[in-house]
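Notes for the one structure printed next.
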Amino acid sequence: MNAEMTFDDNALVLQLFGSHHRNLARIEQKMGVAINARGNEVTITGDADAVEATGRVLTGLYGRLEDGREVGAEDVEAVLRMATAAGGDISDADLTIKTHKRHISPRSPVQADYLRAIDESNMVFGEGPAGTGKTYLAVAKAAERLNNGSIDRIILSRPAVEAGEQLGFLPGDMREKVDPYLRPLYDALHDMMPESKVAKRMERGEIEVAPLAFMRGRTLSNACVILDEAQNTTAVQMKMFLTRLGENSSMVITGDLSQVDLPHGVRSGLRDALETLSGVRGVSFITFTDADVVRHPLVGRIVRAYGESESQRKSGARYGANYDNGNGGDDED
Numbered sequence: 081m082n083a084e085m086t087f088d089d090n091a092l093v094l095q096l097f098g099s100h101h102r103n104l105a106r107i108e109q110k111m112g113v114a115i116n117a118r119g120n121e122v123t124i125t126g127d128a129d130a131v132e133a134t135g136r137v138l139t140g141l142y143g144r145l146e147d148g149r150e151v152g153a154e155d156v157e158a159v160l161r162m163a164t165a166a167g168g169d170i171s172d173a174d175l176t177i178k179t180h181k182r183h184i185s186p187r188s189p190v191q192a193d194y195l196r197a198i199d200e201s202n203m204v205f206g207e208g209p210a211g212t213g214k215t216y217l218a219v220a221k222a223a224e225r226l227n228n229g230s231i232d233r234i235i236l237s238r239p240a241v242e243a244g245e246q247l248g249f250l251p252g253d254m255r256e257k258v259d260p261y262l263r264p265l266y267d268a269l270h271d272m273m274p275e276s277k278v279a280k281r282m283e284r285g286e287i288e289v290a291p292l293a294f295m296r297g298r299t300l301s302n303a304c305v306i307l308d309e310a311q312n313t314t315a316v317q318m319k320m321f322l323t324r325l326g327e328n329s330s331m332v333i334t335g336d337l338s339q340v341d342l343p344h345g346v347r348s349g350l351r352d353a354l355e356t357l358s359g360v361r362g363v364s365f366i367t368f369t370d371a372d373v374v375r376h377p378l379v380g381r382i383v384r385a386y387g388e389s390e391s392q393r394k395s396g397a398r399y400g401a402n403y404d405n406g407n408g409g410d411d412e413d
């Protein structure tokens, strides 16, 4: 099957095709079609379904350019990921997050489900491997809500737990001790807002970044509250945190159960919450996989390799092999 497409703006077409038609080459490779470009016209040749899907990819990318957004290699990969997923829906206009510094769109179908859940639920759990955008998207959504005035403040929190290191062993006062644990949250904020705005809003109390221990005894109202690295909470800490939810507030809890740093035998509060709150109205659960990794493609392959290795170890253990489960003691499945 052949299909022809024409794009009106020659300047945007250059960006759409990419340097030396790099974007078109990647689309051809992923979609299994041939694309012939001449001026502002393209001809797509291949299987009927693939040709139709490729047309949607090109239309979607061109629409981004018309909206004033850039189309780089990561954007091409995102649209291809959406187009080749079940359903092939690449429309993200209603899910695009607008912050001071950038517009952020979902880069996988699960990310799209995650953003919808944050819009529709008071409490959302996002569980899955590193690099899937769980925390980044939650912070972006919180920044958007703060900017448009629908909330009064953002509260970002993490448990101060790391493998082989405790707060008391670090030099400095309390702020200097906890800052290294909270740095990823600061980095995400600075991606959404100019650093000067972040500093001013923190001074006014509109943005708070604090370790989980500081949440005890508080009621968090008119806020977007995010708990990162939730796999490193205990069940008691998780219950404490979840019951801080106040009026006109929402919570997003993110974590990766394959990276638990709790002492051996201590059950992860994230695992406990996922099991305990299953079926509770108003709580949504989104599970990410290695297919949703949006960092360097190698990260996805690394996550997949570790997952396969872990499955093999567990399989060996079931048949009597003496394997260490390697998950920091959180071995209750």
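In terms of this note's numbering, the sequence shown is numbered consecutively and its last residue is 413.
All residues carry an ideal CB built from backbone N, CA and C; glycine is no exception.
Q. Out of curiosity, what's the CA-to-CA distance linking Gly119 and Arg393?
A. Going from the Cα of Gly119 to the Cα of Arg393 covers about 55 Å.
Q. Taking the alpha helix (DSSP H) that Pro291 falls in, what are its first and last residues?
A. It is not in any alpha helix (DSSP H) - Pro291 instead sits in the beta strand (DSSP E) that spans Ile287 to Pro291.
Q: Rounded to whole angstroms, what's the CA-CA distance from Ile382 to Leu226? Just pull it up for me.
A: One alpha carbon belongs to Ile382, the other to Leu226, and they sit about 36 Å apart.
(Q) What does the alpha-carbon distance come out to for the pair Arg281 and Ile287? (A) So the two alpha carbons sit approximately 6 Å from each other.
Q. Quick one, which of Ala133, Leu96 and His100 has its alpha-carbon nearest Gly112's?
A. That would be Ala133, whose Cα lies nearest to the Cα of Gly112.
Q) How many angstroms separate the CA atom of Gly285 from the CA atom of Phe321? A) In a straight line, the C-alpha of Gly285 is about 19 Å away from that of Phe321.
Q: Please name the residue or residues paired with Ser348 in a DSSP beta bridge.
A: Bridge partners of Ser348: Thr314.
Q.
Short of 8 Å in beta carbon distance, which residues of its chain neighbour Ser329, apart from the five on each side in sequence? Order them along the chain.
A. So the qualifying residues of the chain are Asn202, Ile231, Leu300, Ser301, Asn302, Ala303, Cys304 and Val305.
Q: Pull up the CB-CB distance for Ser430 and Arg161, whole angstroms please, since I reckon it's below 8 Å.
A: One cannot answer for residue 430 here, as it falls past the ends of the chain, which runs 81 to 413.
Q: With DSSP as the reference, label Arg102 as helix, strand or coil.
A: Correct three-state label for Arg102: helix.
Q. By Cβ distance, which residues of its chain are closer than 6 Å to Gly349, with the 5 residues on each side in sequence left out?
A. Within the same chain, Thr313, Thr314, Ala315, Gln317 and Met318 come within 6 Å of Gly349 by CB-CB distance, once the 5 residues on both sides are set aside.
Q.
For Gly206 and Ala117, I'd like the C-alpha separation in whole angstroms.
A. About 41 Å.
Q) Given Arg296, which residues of its chain have a CB within under 8 Å of its CB, disregarding the five upstream and five downstream residues? A) For Arg296, the CB contacts under 8 Å within the same chain, skipping 5 residues up- and downstream, are Met320 in chain order.
Q: Look at Asn103 and Leu96 and say whether their C-beta atoms are less than 8 Å apart.
A: Here Asn103 is near Leu96, since their CB atoms are less than 8 Å apart.
Q) From Asn90 to Asp372, what distance separates their C-alpha atoms? A) Going from the Cα of Asn90 to the Cα of Asp372 covers about 33 Å.
Q. Which ranges does the beta strand (DSSP E) cover as unbroken runs of at least 3 residues, wholly within the region 86–137, from first to last along the chain?
A. Every unbroken stretch of the beta strand (DSSP E) spanning 3 or more residues and falling wholly within the region 86–137 is given here in chain order: 114–118 and 121–125.
**Q.** Extent of the continuous beta strand (DSSP E) to which Arg233 belongs
**A.** First-last of the beta strand (DSSP E) with Arg233: Arg233 to Arg238.
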